[in-house]
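So the structure is just underneath, and the comments pick up after that.
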Ligand SMILES: CC(C)(COP(=O)(O)OP(=O)(O)OC[C@H]1O[C@@H](n2cnc3c(N)ncnc32)[C@H](O)[C@@H]1OP(=O)(O)O)[C@@H](O)C(=O)NCCC(=O)NCCS
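Residue numbers (UniProt numbering): 1 to 189.
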């Protein structure tokens with residue numbers, strides 16, 4: 001259920017679902033973003049986890065949010081998920097343009113890669129599925145022909161979300177970045 005697409009309105013909302021707003025991150029929400037980093041599974045590649053020096057710090061993430069805000073661009077990016085009732089930010093869901101999904105995953109059918117991540121305390125309530133459905137619909141209406149996703153074989157909740165959205169595993173690959181196989185899934189829109 002999406003009421004706004006493609007453009008940002010006055011309050012910055014990009015997409016709206018029954019329970020969620022998808023809107024740009026605000027600098028003062030960097031600590032929430034860092035919480036997502038601290039909660040990541042130890043099997044996630046090291047470059048996506050807090051390092052021994054505590055980086056990225058909240059200040060690093062504030063900088064990133066500032067830079068993203070100024071980058072603009074036509075894509076959806078990875079907007080924050082704000083719960084409409086609670087008015088709190090619980091994670092993000094969006095599209096990585098030009099990421100590995102764009103060409104390397106399927107050179108003949110390039111397309112953005114869908115990504116989502118939620119604070120642990122809000123998982124298991126259907127938020128990722130709800131947000132990702134809105135993102136898929138946005139992509140469809142924006143003329144995207146194919147979406148990709150990469151997910152670790154061990155990541156059952158993420159695989160379930162992708163399965164429910166109609167993504168099909170096209171192949172598996174091993175990588176030095178983490179244990180187990182990495183699944184490459186795609187959805188034709
Ligand atoms: C993946 C993630 C975003 C899912 O968020 P969520 O809001 O909890 O997802 P939903 O509630 O919409 O759906 C989760 C589904 O996984 C299922 N699930 C949860 N744990 C599971 C497990 N251990 N084994 C199998 N299925 C599981 C749930 O039952 C649900 O499916 P169902 O509704 O058919 O029962 C969340 O787990 C997360 O942030 N994980 C860490 C970051 C991450 O892995 N991101 C994706 C990288 S590819």
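Even glycine gets a Cβ: it sits at the ideal position worked out from N, Cα and C.
Alpha-carbon to alpha-carbon, residue j and residue i
i, j, result
"residue 83", "residue 29", "14 Å"
"residue 164", "residue 185", "12 Å"
"residue 129", "residue 161", "6 Å"
"residue 183", "residue 159", "9 Å"
"residue 121", "residue 50", "19 Å"
"residue 6", "residue 67", "Unreliable placement is indicated for residue 6, whose pLDDT of 44 sits below 50; no coordinate value is reported for it."
Residue i versus the options, residue with shortest Cα-Cα distance
i, options, result
"residue 157", "127, 139, 55 and 17", "127"
"residue 139", "55, 65, 97 and 122", "97"
"residue 19", "85, 115 and 169", "85"
"residue 92", "174, 15 and 167", "15"
"residue 192", "12, 80 and 155", "Any property of residue 192 remains undetermined from this structure, which presents the chain solely from 1 to 189."
"residue 78", "24, 150, 119 and 170", "24"
"residue 81", "47, 52, 172 and 132", "132"
"residue 114", "147, 88 and 123", "147"
Proximity below 8 Å, CB of residue i to CB of residue j
i, j, result
"residue 141", "residue 188", "no"
"residue 117", "residue 22", "no"
"residue 135", "residue 94", "yes"
"residue 152", "residue 111", "no"
Exposure of residue i, with buried meaning 16 or more beta-carbon neighbours within 10 Å
i, result
"residue 38", "exposed"
"residue 107", "exposed"
"residue 176", "exposed"
"residue 149", "buried"
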